[in-house]
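Heads up: the structure comes next, in structure tokens.
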Amino acid sequence: MILEGALVTPREFPTNRGGLCQKGWTSGALLSNPVRLTKPLLHGKPVTWDTALDFVASRIERIQWEFGRDGMAIFGGGGLTNEKAYALGKFARVALKTSQIDYNGRFCMSSAAAAGNKAFGVDRGMPFPVTDLDDADMILLVGANPAETMPPFMQHIKAGLIVVDPRRTATAERAMLHLRPAPGTDLALALGILHAVFSEGYAEHDYIERRTQGFEDAWRIAAAWWPERVERITGVSATDQRAVARMLAKAKNAYILTARGTEQHASGTDTVSAWINLALALGLPGKPGSGYGCLTGQGNGQGGREHGQKADQLPGYRKIDDPAARAHVAEVWGVDPDSLPGPGRSAYELLDALGRPHGPKGLLVFGSNPVVSAPRASHVTERLKDLDLLVVADFVPNETTALADVVLPVTQWAEEEGTLTNLEGRVLHRRPALQPPPDVRSDLEVLQELAIRLGAPAKAFPTIPEEVFDELAKASQGGIADYSGITYARLRDGEALHWPVPSLAHPGTPRLFEDEFAHPDGKAKFIPVDHKGPAEPPDDEFPLRATTGRVLAHYQSGAQTRRIDELVKAVPESYVEVHPDTAERSGLSNGDMAKVSSRRGEVQARVRCVASMRPDTVFLPFHFPGENSANRLTNPALDPTSRMPEFKVCAVRLAPWGSS
-14 MILEGALVTP
-4 REFPTNRGGL
6 CQKGWTSGAL
16 LSNPVRLTKP
26 LLHGKPVTWD
36 TALDFVASRI
46 ERIQWEFGRD
56 GMAIFGGGGL
66 TNEKAYALGK
76 FARVALKTSQ
86 IDYNGRFCMS
96 SAAAAGNKAF
106 GVDRGMPFPV
116 TDLDDADMIL
126 LVGANPAETM
136 PPFMQHIKAG
146 LIVVDPRRTA
156 TAERAMLHLR
166 PAPGTDLALA
176 LGILHAVFSE
186 GYAEHDYIER
196 RTQGFEDAWR
206 IAAAWWPERV
216 ERITGVSATD
226 QRAVARMLAK
236 AKNAYILTAR
246 GTEQHASGTD
256 TVSAWINLAL
266 ALGLPGKPGS
276 GYGCLTGQGN
286 GQGGREHGQK
296 ADQLPGYRKI
306 DDPAARAHVA
316 EVWGVDPDSL
326 PGPGRSAYEL
336 LDALGRPHGP
346 KGLLVFGSNP
356 VVSAPRASHV
366 TERLKDLDLL
376 VVADFVPNET
386 TALADVVLPV
396 TQWAEEEGTL
406 TNLEGRVLHR
416 RPALQPPPDV
426 RSDLEVLQEL
436 AIRLGAPAKA
446 FPTIPEEVFD
456 ELAKASQGGI
466 ADYSGITYAR
476 LRDGEALHWP
486 VPSLAHPGTP
496 RLFEDEFAHP
506 DGKAKFIPVD
516 HKGPAEPPDD
526 EFPLRATTGR
536 VLAHYQSGAQ
546 TRRIDELVKA
556 VPESYVEVHP
566 DTAERSGLSN
576 GDMAKVSSRR
586 GEVQARVRCV
596 ASMRPDTVFL
606 PFHFPGENSA
616 NRLTNPALDP
626 TSRMPEFKVC
636 AVRLAPWGSS
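If you read the sequence shown in our numbering, its first letter stands for residue -14, the second for the next number, and so on.
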């Protein structure tokens, strides 16, 4: 398909099998979009690169002189290449010497990562190739809607499908059984199904004994969650809970897959742990042809969290407070381990602290649009406005660039080389297809130029992606996510390299856990978890539960997809899905403009009456800005382990737009 002079065609590859979604086949339209950023902007006016970078460097020096190293912060993105994510983390800790760095992936997969580390000792979204799903007899999808969010993935689902989702999504339409729990009750549902597995005699006791530990503590809690009790909490019948237990147990090859609907809660880590407990009870992880996995949310959702742009991590998925990890990475970087800062604030906590007395006074943003994507978005916008310096590197204008003192135009996906790590831990090499506009630079070049101005040697921040990757590989050596045996040459030759790849002779590790798990004793851990419910349950003032999510035509904050005519035509504005009876009680009809209000703000959305919606629940997509921004409503209550905000449920009320 030719769009704006760019030819975008799919190629045959194991994960997508020659398929593209609507966002993929229209992506060429963005490459020559007239709003493309092509000149640095200083206070909204075009300037030279030297002028822009000199201004940024001088402001950084002034802020850090007055407020200390942590006066500056960085906010990254899960769509950045591995090389850029690595360079961003190094820049923060070596050039800025700040602990204040995190990224929007904290809003995406952090709860699954935390739960995976607890249960298995390692976090890799899928510890097996996606193609293994082809031979499954039964797949349980929890809080996932890949028919809209990643349609090519659906080619791998040929088996019986069970879907857990409050909404009757396009994926749920494909299911042989659809469970619709009230938002915020997924953990209770997992406990109920686990109870049914044991009470109905489906538990794999030999597997539990040989390959796991901690079952007794987990069962002590689950024993109290019999399906009839769970039915009263979730709305899912006890019959259906027992049916899921039976269907998974009777399948020869079964998988449990979770996604954002499971994670984006103040109890997200515990909720994912509950589904992993179910998988362990059935003996699925590490069994050939079966398993547990998590679907990623962003283009580099896996690699983006492995190489140092998280507040608590160093490259290779190392902990920043581990002395051995600090020593290894410091040696690669040529710095004193004691010079490296410790853990910083997580994403929302970082945004919430901006401009406050003890928070950062300057922020560099790469690959993110927090004005739209962060919870309690209106509050985050005010925090950004209070900064002494806001710098945003992007290739299209967005709601965050509109607030920036400096906007730096950078290359985008078709113009740059780099690597990404997909949901199955496979490292992919991306080649440039086009030359960028003449006055556009790569993020790596931006970081090098700023580092030089801040006193670092140019060689410490290379701009050639392959050189950055080679350094990343050394820094990751011996870590959980070990890339040390991966080279661009091997990737160019077409090798399928799933990490860990600990040597140049190593073929990669497409399947984890076949022999042992990553804990020292080789066993997986049951994690005892209990249901608490959402941080903000409905009440008389806000009687409905709102949940948010994606739609087929748009991606993330919509900054890119809202620039493409075909996608805007498909979904031109925000909307709220609501049961017809709920709409009527609120004085609304299909097509009316509604006001959806929470304790944090209100938004405008077009009413879509959907008979399959739960009467107590409304749904809004989060891709739209301003008065349409669903994240003006969402609750920033944080998971105590992952620091994930509770995007998936908050208390709201519904009324006609314009009513008092």
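C-beta: ideal position from N, C-alpha, C; glycine also. Keep in mind the model is a prediction, meaning the values are calculated, not measured.
Query                                                                                                                      : Result
For alanine 42 and threonine 254, believed in contact at Cβ under 8 Å, the rounded distance                                : Not a contact, Cβ separation roughly 39 Å.
Beta-carbon proximity check, asparagine 354 vs serine 559, cutoff 7 Å                                                      : no
Where histidine 250 falls: helix, strand or coil (DSSP)                                                                    : coil
Buried versus exposed call for valine 215 [16 or more other C-beta atoms within 10 Å across all chains shown]              : buried
The stretch 138 to 148 touching the stretch 166 to 183, judged by at least three CB pairs closer than 8 Å                  : no
According to DSSP, residues forming a beta bridge with valine 563                                                          : Cys594
With 16 other Cβ atoms within 10 Å as the buried cut-off, status of glutamate 526                                          : exposed
Isoleucine -13 versus glycine 288: straight-line alpha-carbon distance, rounded                                            : Confidence is the limiting factor: at isoleucine -13 the pLDDT is only 36, short of 50, which leaves the residue's position unreliable, though a coordinate-based value still follows. When rounded, the distance between both Cα atoms is 31 Å.
Validate contact between the stretch 75 to 85 and the stretch 435 to 450 using beta carbons, cut 8 Å, 3 pairs              : yes
Beta strand (DSSP E) runs wholly inside the stretch 100 to 146, at least 3 long, in chain order                            : 123 to 127
Alpha carbon of tyrosine 540 to alpha carbon of proline 136, nearest angstrom                                              : 13 Å
Residue from Leu242, Arg290, Arg361, Gln49 whose Cα sits closest to the Cα of methionine 94                                : Arg290
Arginine 195: first and last residue of the uninterrupted alpha helix (DSSP H) it sits in                                  : 190 to 196
Nearest residue (CA-CA) to alanine 332, options Ala296, Pro345, Ile305                                                     : Ala296
Identity of the residue in Leu16, Pro513, Leu267 nearest glutamate 662 by Cα                                               : Here the chain has residues from -14 to 645 only, and residue 662 is not among them.
For alanine 70 and glycine 327, believed in contact at Cβ under 8 Å, the rounded distance                                  : Contact flag wrong, Cβ pair sits at about 20 Å.
Local conformation of histidine 491 per DSSP, three classes                                                                : coil
Nearest candidate by alpha-carbon position, reference glycine 493, set Phe502, Gly440, Glu409, Val556                      : Glu409
Candidates Pro308, Leu618, Pro131: closest to aspartate 321 by CA position                                                 : Pro308
Within 7 Å, strictly: CB atoms of lysine 633 and glycine 13                                                                : no
Close-in-space but distant-in-sequence residues of the same chain around isoleucine 193 (CB under 6 Å, 5 per side omitted) : Phe200
Check whether leucine 263 and tryptophan 210 have beta carbons under 7 Å apart                                             : no
Local conformation of aspartate 506 per DSSP, three classes                                                                : coil
Length of the line joining the Cα atoms of proline 270 and alanine 590                                                     : 42 Å
Limits of the unbroken beta strand (DSSP E) element including valine 412                                                   : 412 to 415
Proximity to phenylalanine 659 [Cα-Cα], best of Pro345, Ala596, Ile437, Ser427                                             : In the structure displayed, the chain extends from -14 to 645; residue 659 sits before or after that span and is not available.
Extent of the continuous beta strand (DSSP E) to which isoleucine 59 belongs                                               : 57 to 61
Sequence-distant residues of the same chain with beta carbon closer than 6 Å to proline 114, five excluded per side        : Glu409, Pro495
The stretch 351 to 369 touching the stretch 118 to 129, judged by at least three CB pairs closer than 8 Å                  : no
Simplified DSSP assignment, three categories, for valine 634                                                               : coil
Bridge partners - tyrosine 240, DSSP secondary structure assignment                                                        : Ile124, Gly276
Span separating the alpha-carbon of leucine 497 from that of proline 112                                                   : 5 Å
Sufficient close CB pairs (3 or more, under 8 Å) joining the stretch 566 to 573 to the stretch 620 to 628                  : no
Outcome for aspartate 428 when other beta-carbon atoms lying within 10 angstroms are tallied against a minimum of 16       : buried
Same chain only: Cβ atoms within 6 Å of arginine -4, ignoring 5 sequence neighbours per side                               : none
Neighbourhood of alanine 544 by C-beta, 7 Å cutoff - its chain only, sequence neighbours within 5 removed                  : Asn354, Val381, Asn383
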